[in-house]
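**Q** This note's numbering puts the first residue of the sequence shown at 104, with every later residue one more than the last. Sharing a structure with you now.
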Amino acid sequence: MSEPAPISVADAGSPFAAAPSVWKDRLDRWSDAASDWFNPILVKESRQALQSRQFAITFTLLLIAGWGWSWLGTSMIPGLPYAPAGQTMLLGYVWILAFPLIVIIPFTAHRSLASEQEDGTYDLLSITTLLPRQIIGGKLGSAILQIAVYMSALSPCVAFTYLLKGVDILLIVHILGYQFLISALLSTVGLLLATFSKSRALQSLLSVFLILALTALYLICSTWLTVILTEGIGIPFAEPEFWIANGFVLSIMAAVFALTFLAASANITFPSENRSTTLRYATWLVGCLIIAWGTRYWLRIEEDDVLFMTICIFVGYWYLMGAMMTGERDQLSERARRKLPRTILGRIWLSWFNPGPVAGYLFAVGNLLTLLIIVVQIHLAYRGAFGRFFTADVLPFTLLLICYAVAYLGFARILLSLISRTSNVNALVALLVHFVLLAIGGLAPFAIQGLMRTWGYTYLQASNFLWTLVVCLDDGFYAVLLAPGPGSFKTPLPVVPVFVIGSALAMIAYHIVLAGRVIVAQRTEAPQRVQDEERQLHPQAEVVQRSSPWDEATE
């Protein structure tokens, strides 16, 4: 901190002597305290990013593109002072600004962490006093700072469109706000992908996948907005359903943002730490939001398509979360055991939030069965409303979909437990095993029926979840219940429901038996040395007990 300049004795007696600058002193003290409070990773990453050649080139091209579109748009639109050209000009600026926000910044955030994983420089950060969340937060803060710089560069051009006809301030704020949120969310996704592996080959593959996905998302979002504004569809700001949909999207984005941030922080923490409990709560929160908003929207517009979509999104989400949870380590470290519940009831109800593939599987299954209970209650409450906004096929469709998810999750977890005996298993390996298992379950029946020269839907397609669910929706549950055999094979038994529901029940029963290990796991106390170090790092004030109301508490 800089010291104020001393005043000489001669100057002190002069009426023209300058008074000491008090506000400069306060500013120096505040700046010194703020520099200590700021995340050092944020300072390092921001300086490195803003001084990089990539930022200089992208920022220059952004300014050139903004200036070029301003000149080109104003020269090509006839009757500009009188024509409603605001939407056309705004769309051009949105296309220009969306490219660095959706493609460049998330990919740069991904490479900033991936390069440290590849070069081994992250090991230097891991031995410092910085927490994993501070490391991820610093890199995310650098990405948000770049978002602000890019948006401020094009803000005069966007403000110019407000002076033209056809654009109001609410539309501009809405579009720019969503661009900011989407860019921040994609940056956390890029950071999460960078924590999956330290291998250069795998990181290169993930980088290629990410850049292709970001480019596709950029084209889809920009084209979708262009179609809405140019085809006269417009954005219905006056409709209550629009703000309900915005509440759903914003709450889901916030929950997914927190989930990806916590997952990225957990992936770079030490293996002995409990990485799963916080993530379990975050995943549960996202699932609750999906059910709450989906049911609310279904009750408002009274369309069964909304209910089907909510069910599919919820089951797909929990299958994805369950696939990653089944790839966790099967052993509880001593550090993780220190935070286990103490009582029997606590272990029964809270053990599913602890690390481990079996606990993760049963946690996902519990949420899926909760959805089934909700659909059964809806079925009982609205069973007289069939044909209005609730169809009779919702319940069997939900039952089949959940049973497929439970069965495939269980089979994949067993395969992963066998693979983990000979090699390391992480989230990417778990996702790959689940994808391969789903592909085999869908393609193998086609190969068998091809050899038998049978092409229609038969009970051999019982493992093909996609075709079975489509038949259930199009032809009704009885088409699945009475599925014929291939060729001349006939059976009076409902093979498909028995196979699907039986497989799910078998997987649940098998994992409940394995869950005994999770429930009986005992809490272990920290060693005395660790407790002494914690007392030295976090001393607590000694509480003095009073023997009577007239005693004075003395330390």
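Glycine included, each C-beta is placed from N, C-alpha and C at the ideal position. In this text the structure is predicted, and so the values were computed from the model without any measurement.
Could you give the C-beta distance for L382 and A366, rounded to a whole number, given that I count them as a contact under 8 Å?
**A** That belief holds up - the Cβ atoms of L382 and A366 are roughly 6 Å apart, short of 8 Å.
**Q** Go ahead and pull the three-state DSSP assignment for Y422.
**A** DSSP places Y422 in helix when its eight states are reduced to three.
**Q** Mind checking which residues open and close the alpha helix (DSSP H) that includes W327?
**A** Here the alpha helix (DSSP H) through W327 covers 303–333.
**Q** Going by DSSP in three states, P203 sits in which element: helix, strand or coil?
**A** Three-state result, P203: helix.
**Q** Measure the C-alpha to C-alpha separation of G241 and T398 and round it to an integer number of angstroms.
**A** Each residue's alpha carbon lies about 37 Å from the other.
**Q** Between P209 and the rest of its own chain, which residues show a CB-CB distance below 8 Å, the 5 nearest in sequence each way excluded?
**A** So the list reads A246, S286, L289, S290, V292, G293, L313, L317, once near-sequence residues are dropped.
**Q** Could you give the distance in angstroms between the alpha-carbon of G176 and the alpha-carbon of A341?
**A** Straight-line Cα distance between these residues: approximately 30 Å.
**Q** How many whole angstroms separate the CB atoms of L572 and L504, which I take to be in contact at a CB cut-off of 8 Å?
**A** Contact holds; Cβ gap of about 6 Å.
**Q** Can you give the Cα-Cα distance for Y420 and G390, rounded to whole angstroms?
**A** If you take the alpha carbons of Y420 and G390, they lie about 8 Å apart.
**Q** Following the continuous alpha helix (DSSP H) through M555, name the residue where it begins and the one where it ends.
**A** Unbroken run through M555: none, as it is neither H nor E.
**Q** Go ahead and pull the three-state DSSP assignment for A341.
**A** Residue state, collapsed to three classes: coil.
**Q** Would the region 399–407 count as touching the region 452–472 if we require 3 or more Cβ pairs under 8 Å?
**A** In short, these stretches do not touch, since the Cβ pair count stays below three.
**Q** How should F345 be labelled, buried or exposed, when 16 other C-beta atoms within 10 angstroms of its C-beta is the threshold for buried?
**A** Counting Cβ neighbours within 10 Å, F345 comes out exposed, since fewer than 16 surround it.
**Q** Here's the rule: buried if 16 or more other CB atoms are within 10 angstroms of the residue's CB, otherwise exposed. What is M72?
**A** The shown model of the chain, from 104 to 658, leaves out residue 72, and the question about it has no answer.
**Q** Report the three-state DSSP secondary structure of N529 (helix, strand or coil).
**A** Coil.
**Q** Taking L483 as the reference, which of T561, L498, L164 has the closest Cα?
**A** If we check each option's Cα against that of L483, L498 comes out closest.
**Q** Of the residues R129, W172, I144, I199, which one's Cα is nearest the Cα of L234?
**A** For L234, the nearest C-alpha among the options comes from I144.
**Q** Roughly how many angstroms separate the alpha carbons of S368 and A188, rounded to a whole number?
**A** The straight-line gap from Cα to Cα measures roughly 46 Å.
**Q** Give the DSSP-derived three-state secondary structure of I180 in the structure shown.
**A** Coil.
**Q** Would V599 be called buried (16 or more neighbouring beta carbons within 10 Å of its own) or exposed?
**A** Flag for V599 reads buried.
**Q** If we ignore side chains and look at the alpha-carbon of each, how far apart do R378 and R403 end up?
**A** So the alpha carbons of these two residues sit roughly 39 Å apart.
**Q** Which of the three DSSP states, helix, strand or coil, is assigned to K268?
**A** Correct three-state label for K268: coil.
**Q** Alpha carbon to alpha carbon, how far is T429 from V528? Give it in angstroms, no decimals.
**A** Their backbone Cα atoms lie some 10 Å apart in a straight line.
**Q** Within the chosen definition, does the region 573–587 reach the region 468–485 through at least 3 CB pairs nearer than 8 Å?
**A** The region 573–587 is not in contact with the region 468–485.
**Q** Can you grab the Cα-Cα spacing for the pair H277 / I205, in whole Å?
**A** Taking the straight line joining both Cα atoms gives about 16 Å.
**Q** V418: buried (16+ other C-beta within 10 angstroms of its C-beta) or exposed?
**A** It is buried - the Cβ of V418 has at least 16 other Cβ atoms within 10 Å.
**Q** Could you confirm whether any beta carbon from chain C is found closer than 8 Å to the beta carbon of G241?
**A** Among the chains in the structure shown there is no chain C, since it carries only a single protein chain.
**Q** If you run the structure through DSSP and keep just helix, strand and coil, what is F417?
**A** Three-state result, F417: helix.
**Q** What does the alpha-carbon distance come out to for the pair A217 and E376?
**A** Looking at the two C-alpha atoms, the distance is approximately 22 Å.
**Q** Do three or more CB pairs link the region 304–312 to the region 166–173 at distances below 8 Å?
**A** At 8 Å Cβ cutoff, the stretches do not touch.
**Q** Secondary structure at L234, three-state DSSP: helix, strand or coil?
**A** Coil, per DSSP.
**Q** Within its chain, find whatever has a CB closer than 8 Å to the CB of Q220; leave out the 5 residues flanking it on each side and keep chain order.
**A** Around Q220: A297, T298, S300, K301, Q306.
**Q** Could you spell out the range, first to last residue, of the alpha helix (DSSP H) harbouring P460?
**A** Residues 460–484.
**Q** Roughly how many angstroms separate the alpha carbons of P548 and S566, rounded to a whole number?
**A** Cα-Cα distance, rounded: 7 Å.
**Q** Check this for me: beta carbons of L200 and L257, under 8 Å apart or not?
**A** Yes; because the gap between Cβ atoms is below 8 Å, this pair is in contact.
**Q** Grouping DSSP H, G and I as helix and E and B as strand, with all else coil, what is F411?
**A** Helix.
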